[in-house]
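Reviewing the structure listed below.
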Amino acid sequence: MDTEASPFESSEMLATFLTSTPLLSMSWSLCDRANTMPSQGFVAEQMGSVGHLAFSGVQLGSGPDPTSGRNLEPLVTATNGLFFPLEHQFDGEEGGGEEEGKEPVLVHAGFLRIFLSVKSNPNFQNRMLNMIQNSKSIVIAGHGIGGTVAGLCALWLLSYLQSISSNISVLCITFGSPLLGNESLSRAILREGWSGNFCHVVSKHDVFPRLFFAPLAPLNPQLHSLLQFWQLSMTSPPLALLAEKLLDEGKSQIFRTVLASLEGLAKAEQGKNVTCGFWPFGNYFFCSEDGAICNDNATFIVKMMHSLLLNSSPSCSIEDHLKYGYYVEKASLQVLTKTSFPPAELPESSYEAGVALALQSSGIACQDESVARPAKNCLKLARRMGRTPNLNCANLAIKLSKITPYRAEIEWYKATCDQSDAQMGYYDSFKQRGASKRDFKVNMNRYKLARFWDNVINMLDNNDLPRDFHRRAKWVNGSQFYMLLVEPLDIAEYYRTGMHRKKGHYISNGRERRYKIFERWWKERPIKEEEKKTRSTFASSPKTHVFGPEWRKLESG
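Adding 6 to a residue's 1-based position in the sequence shown gives its number in the numbering used here.
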C-alpha cells in the first residue's frame with residue numbers, strides 16, 4: 007500500500023519549522039525597508055556572524071519591460087564566467103557539454119541586466135566584501151523583481167564561494183518573485199546541490215510568481231499598468247489609487263490568461279516536454295491565511311500554483327502581491343496554535359493526517375472536491391517522485407555489482423599482458439589484437455561497462471538520482487577506477503581504427519563525455535584526512551599512474 011510505504015506527508019511540517027525561526031520575519035522586514043528606499047536598490051545589515059542583504063521590489067531606472075518575459079538569454083554569453091558551475095554543466099568546459107536537443111542554461115535577460123548593474127555598483131561591492139569577511143552565514147532576500155535580483159545574487163555568491171572553497175552558508179528568500187530561468191537552469195542548480203539554498207515564498211493568490219507561465223505579448227499595456235500600480239503602492243500609496251483605476255480593465259484579462267496557461271501545464275502528462283520556457287527551482291513556501299506548506303518538487307509546484315489560483319479572483323491576484331508582511335506575521339503566530347481535527351473527521355493514518363494538514367494550511371477546503379482532489383494528487387505525486395531518486399540509486403548499486411566481473415576480467419587481461427614475455431602492456435596488446443576469444447571478450451566487456459556508465463550520466467542529467475550522487479564516495483571512486491582502467495583501451499581503439507585521421511587527436515576530438523565528467527567529479531570530491539594518509543592498493547601501484555593524462559597524450563605528440 008502506498009501510504010504504508012511512505013507514512014508521512016511533511017510539507018506542512020517543513021513550513022511550520024521555517025516559520026518557527028526568525029528568518030522569514032527578519033527577511034521580510036528588510037525587504038519592506040528596501041521597498042521604501044528604491045533609489046538605493048538594496049539594504050544590508052550585519053547581525054553578529056550573519057549578514058543580511060535585501061533587494062527592493064522597485065528597481066528604479068533599470069527595471070525590465072514586463073512584456074519581455076520570454077526574452078531568455080544564455081547565462082554563459084552574458085556573464086563572463088560569474089556563474090561558472092552552472093555554465094559548464096558537468097563537462098568541465100565553460101559553456102560546453104550541451105547535449106543535442108537540450109537547451110543551454112537560460113535566464114531572463116532583463117533581470118540579469120539589473121543584477122549586473124547592481125553588482126557593478128561600488129557601494130554594493132564594498133558591502134558584499136565586508137559581509138563575506140565578517141559572516142559565517144549570509145541571507146539574501148527580495149520582493150517581486152527584487153527577488154529575482156536576490157536569486158541571481160545568491161547564485162553568483164554560491165559560485166564565488168565554491169571557487170575559493172569557503173564554508174560560508176548562503177540562503178536566499180524571495181517574496182512573490184517571478185520565475186528566473188528555464189528548466190536547464192533548474193537542473194543545473196539541482197546538480198550543484200544548491201536547491202536547498204532557495205526558499206520562494208508565494209501567497210495563495212499572487213499572480214506575479216505565476217506570470218511567466220503565460221504568453222505576455224498580448225498583455226503589454228495591462229502589464230505596464232500592473233507594474234506601475236505595484237511600485238506606486240510600495241513607494242507612494244496615494245498615487246497608487248490613480249494607477250489602480252487604469253488597471254481595473256486589465257485585471258481580468260491578466261488573471262484569465264495566467265490561469266489558462268497554468269491549467270494547460272498542470273494537466274500535462276508527467277515527463278511531457280515543458281514548452282512555457284520558464285521553470286521553477288528551489289523550495290516553494292505556499293502561504294495562506296490558514297498556514298503554509300513547503301515543497302521542492304518542480305512538477306508539484308506548477309500544479310499547486312494552479313490549484314491555489316482556482317479559488318482566486320482578478321482583484322485578489324493583484325492585491326495579494328502587496329500582502330506578504332501580513333502573511334508572514336500570520337504564519338509566525340499560527341506556529342503557537344495547535345492544529346487539531348474534530349473526532350468525526352480524524353484521519354485514518356499519519357499520511358492522511360499530513361495531507362489534511364497540508365490542505366488546511368494551504369487554504370483548500372477538503373469539502374471542495376474540485377480543488378481538493380487535484381491538490382491531494384499533487385501531494386501524492388511529489389511524495390512518490392521524492393522517493394524515486396533514492397530507489398534508482400539503490401537499483402544502480404545492484405547493477406554495479408553485476409558488472410564488476412566485466413571489470414575484473416579487464417584487470418586480469420591487464421595483469422596477463424604485463425607479465426607476458428613480450429611485455430607489450432595491455433594498451434599495445436589491445437591495439438594490435440587479433441581475433442582471439444580473449445580479445446573479443448575484453449572488447450565486449452569494454453562496451454558493457456561504457457553502456458552502464460553512460461546510463462548513469464543520463465539518469466543524472468534527468469535528475470533521476472539523488473542531488474549529491476556525484477559527490478558520494480562510492481560513485482566517485484567507482485567511476486575513477488573505471489576511467490583509469492578502461493580509458494586506455496578506448497584510446498587504443500580510437501587509434502587502431504584510424505579515427506584520429508577522420509576526427510583529429512583523441513584529447514581534443516575523441517574523448518567521451520563520461521570521462522570528462524568523471525574527471526571533474528574526482529577533482530571536486532571532498533577529501534577526508536584519512537584519504538590523504540591511506541591509499542588503496544590499486545591506486546598505490548606504480549604502474550597505475552600511467553592510466554592518467556599520459557595515456558591521453560601518448561599518440562598526439
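C-beta atoms are modelled at their ideal positions from N, C-alpha and C, and glycine is treated no differently.
Handout entry: Rounded C-alpha distance that separates Ala337 from Cys37
Key = As a working note, residue 337 is residue 331 in the sequence shown. As a working note, residue 37 is residue 31 in the sequence shown. Roughly 17 angstroms separates the two Cα atoms.
Problem - Own chain residues within Cβ distance below 7 angstroms of Ala220, not counting five before or after - result: Taking the sequence shown and counting its residues from 1, the one referred to as residue 220 is at position 214. Only Thr263, Val264 and Ser267 meet the Cβ criterion.
Practice task
On a CA-only basis, which of Ile463, Ser321 and Lys408 is nearest Arg526? Give me that one, please.
Solution key: The residue you call residue 526 lines up with position 520 of the sequence shown. Closest option to Arg526, Cα to Cα, is Ile463.
Practice task
Put Gly57 into one of helix, strand or coil per three-state DSSP.
Solution key: As a first step, residue 57 must be located in the sequence shown, where it is residue number 51. Collapsing the DSSP output to three states places Gly57 in a strand.
Practice task
Output the residue ranges of the alpha helix (DSSP H) runs that lie fully inside the segment 365 to 451 and measure 4 residues or longer, sorted by chain position.
Solution key: For the segment 365 to 451, the full-length alpha helix (DSSP H) segments reaching 4 residues or more read 375 to 425 and 431 to 437 along the chain.
Practice task
State the Cα-Cα distance for the pair Lys454 and Pro286, rounded to the nearest angstrom.
Solution key: Stepping through the sequence shown from its first residue, residue 454 is reached at position 448. Stepping through the sequence shown from its first residue, residue 286 is reached at position 280. Cα to Cα, Lys454 sits roughly 37 angstroms from Pro286.
Exercise for the section: Classify His206 as helix, strand or coil using the three-state DSSP reduction. Expected result: Here residue 206 is taken as the residue at index 200 of the sequence shown, counted from 1. Three-state result, His206: strand.
Practice task
Going by DSSP, name the residue or residues bridged to Ile180.
Solution key: For the purposes of this step, residue 180 is taken as the residue at position 174 of the sequence shown. In the sequence under discussion, the amino acid at residue 180 is Thr, which differs from the Ile named in the question. Its beta-bridge partners are Gly148 and His206.
Handout entry: Start and end residues, beta strand (DSSP E) containing Val113
Key = Taking the first residue of the sequence shown as 1, we reach residue 113 at position 107. It spans Leu112 to His114 - the beta strand (DSSP E) in which Val113 sits, taken as one unbroken run.
Practice task
Just the C-alpha distance for Ala40 and Trp236, rounded to the nearest angstrom, thanks.
Solution key: Residue numbering aside, residue 40 sits at position 34 when the sequence shown is read from its first letter. Residue numbering aside, residue 236 sits at position 230 when the sequence shown is read from its first letter. Cα to Cα, Ala40 sits roughly 14 angstroms from Trp236.
Practice task
Find the nearest neighbour of Ala403 within the set Trp459, Val113, Gln429 and Gly199, judged by alpha-carbon distance.
Solution key: Within the sequence shown, the letter at position 397 stands for residue 403. When only C-alpha atoms are compared, the closest one is Trp459.
Problem - Backbone CA spacing between Arg541 and Ser45 [nearest angstrom] - result: As a working note, residue 541 is residue 535 in the sequence shown. As a working note, residue 45 is residue 39 in the sequence shown. Confidence at Arg541 is low in this model, with a pLDDT of 49, below 50, so its placement is unreliable and the value that follows should be read with caution. Going from the Cα of Arg541 to the Cα of Ser45 covers about 58 angstroms.
Handout entry: Own chain residues within Cβ distance below 7 angstroms of Phe218, not counting five before or after
Key = Here residue 218 is taken as the residue at index 212 of the sequence shown, counted from 1. In the same chain as Phe218, and ignoring 5 residues on each side of it, the C-beta atoms closer than 7 angstroms to its own belong to Gly75, Pro184, Leu185 and Phe284, in chain order.
Handout entry: Beta-carbon proximity check, Gly202 vs Glu18, cutoff 8 angstroms
Key = Indexing the sequence shown from 1 puts residue 202 at position 196. Indexing the sequence shown from 1 puts residue 18 at position 12. Taking 8 angstroms as the Cβ cut-off, Gly202 and Glu18 do not qualify as a contacting pair.
Exercise for the section: Alpha carbon to alpha carbon, how far is Phe261 from Val56? Give it in angstroms, no decimals. Expected result: Reading the sequence shown from its first residue, position 50 is the one you call residue 56. Reading the sequence shown from its first residue, position 255 is the one you call residue 261. Cα-Cα distance, rounded: 39 angstroms.
Exercise for the section: Indicate the three-state DSSP secondary structure (helix, strand or coil) for Pro215 in the structure shown. Expected result: For the purposes of this step, residue 215 is taken as the residue at position 209 of the sequence shown. In the displayed model, Pro215 falls within a helix according to three-state DSSP.
Practice task
Kindly indicate which residue of His211, Arg473 and Tyr512 has the alpha-carbon position closest to the one of Leu315.
Solution key: Within the sequence shown, the letter at position 309 stands for residue 315. Looking at the Cα atoms, His211 is the closest of the given residues.
Problem - Whole-number beta carbon distance between Val145 and Ser33, since they are thought to touch under 8 angstroms - result: Residue numbering aside, residue 33 sits at position 27 when the sequence shown is read from its first letter. Residue numbering aside, residue 145 sits at position 139 when the sequence shown is read from its first letter. Ser33 to Val145, Cβ: 6 angstroms. Contact.
Practice task
Just the C-alpha distance for Phe117 and Asp424, rounded to the nearest angstrom, thanks.
Solution key: In the sequence shown, counting from the first residue as 1, residue 117 sits at position 111. In the sequence shown, counting from the first residue as 1, residue 424 sits at position 418. Each residue's alpha carbon lies about 60 angstroms from the other.
Exercise for the section: Evaluate the contact criterion for the segment 20 to 34 versus the segment 128 to 142: three or more CB pairs, one atom per stretch, below 8 angstroms. Expected result: Fewer than three Cβ pairs drawn from the segment 20 to 34 and the segment 128 to 142 lie within less than 8 angstroms of each other, which leaves the two stretches out of contact.
Problem - Buried versus exposed call for Phe446 [16 or more other C-beta atoms within 10 Å across all chains shown] - result: By one-based count along the sequence shown, residue 446 stands at place 440. By the neighbour-count rule (16 or more Cβ atoms within 10 Å), Phe446 is not buried but exposed.
Handout entry: Ala474 versus Ala441: straight-line alpha-carbon distance, rounded
Key = Within the sequence shown, residue 474 is the residue found at index 468, counting from 1. Within the sequence shown, residue 441 is the residue found at index 435, counting from 1. Position check: residue 474 holds Asp in this sequence, whereas Ala was assumed. Answer to the nearest angstrom: the Cα atoms are 43 angstroms apart.
Handout entry: Leu185 CB to nearest heavy atom of the ligand ATP below 7 angstroms
Key = Only the bare structure without any ligand can be found here, which leaves the ligand ATP out of the picture.
Problem - CB of Ile416 within 8 angstroms of CB of Val492, strictly - result: The residue labelled residue 416 in the question sits at position 410 within the sequence shown. The residue labelled residue 492 in the question sits at position 486 within the sequence shown. When the beta-carbon positions are compared, Ile416 and Val492 come within less than 8 angstroms of each other.
Exercise for the section: Compute the distance between the beta-carbons of Val155 and Leu163, then report whether it is under 8 angstroms. Expected result: Along the sequence shown, read from residue 1 onward, the residue named residue 155 stands at position 149. Along the sequence shown, read from residue 1 onward, the residue named residue 163 stands at position 157. Result no, Cβ atoms of Val155 and Leu163 do not sit closer than 8 angstroms.
Problem - Entirely enclosed beta strand (DSSP E) segments - the segment 254 to 313, minimum 3 residues - result: Segments of the beta strand (DSSP E) lying fully in the segment 254 to 313: 289 to 294 and 297 to 301.
Problem - Cβ pair count under 8 angstroms reaching 3, the segment 483 to 497 against the segment 405 to 420 - result: Short answer: they touch.
Practice task
Look up Ser165 in the DSSP assignment and say whether it is helix, strand or coil.
Solution key: If you number the sequence shown from 1, residue 165 lands on position 159. Shown here, Ser165 sits in a helix according to DSSP, grouped into three states.
Practice task
Identify whether Phe48 lies in helix, strand or coil by the three-state DSSP scheme.
Solution key: Counting from one through the sequence shown, the residue named residue 48 turns up at place 42. Three-state result, Phe48: strand.
Exercise for the section: Just mark Ser294 as buried or exposed, buried being the case when its beta carbon has 16 or more other beta carbons within 10 Å. Expected result: Looking up residue 294 in the sequence shown gives position 288. With 16 or more neighbouring CB atoms inside 10 Å of its own CB, Ser294 falls in the buried class.
Handout entry: Counterpart residues of Leu78 in DSSP-defined beta bridges
Key = Here residue 78 is taken as the residue at index 72 of the sequence shown, counted from 1. Answer is His114, bridged to Leu78.
Problem - Candidates Leu222, Thr180 and Cys399, of which the one nearest Arg478 by Cα - result: Within the sequence shown, numbered from 1, the residue matching residue 478 stands at position 472. Nearest C-alpha to Arg478 among Leu222, Thr180 and Cys399: Cys399.
Exercise for the section: Could you have a look at Ser318 and say whether DSSP puts it in helix, strand or coil? Expected result: Numbered from 1 along the sequence shown, position 312 holds the residue referred to as residue 318. Note: Ser318 maps to coil in three-state DSSP.
Problem - Counted within 10 angstroms of its Cβ, other Cβ atoms place Met137 as buried (16 or more) or exposed - result: Here residue 137 refers to the residue found at position 131 of the sequence shown. The C-beta of Met137 has 16 or more other C-beta atoms within 10 Å across all chains shown, which makes the residue buried.
Practice task
With DSSP collapsed to three states, give me the class of Ser542.
Solution key: Translated into the one-based positions of the sequence shown, residue 542 becomes position 536. Only weak support is given to the placement of Ser542: the predicted model assigns it a pLDDT of 48, under 50, and the question is left unresolved by the model.
Practice task
Verify the CB distance criterion: does Ser201 have a CB-CB separation below 8 angstroms to chain D?
Solution key: Here chain D cannot be found, since the structure has a single protein chain.
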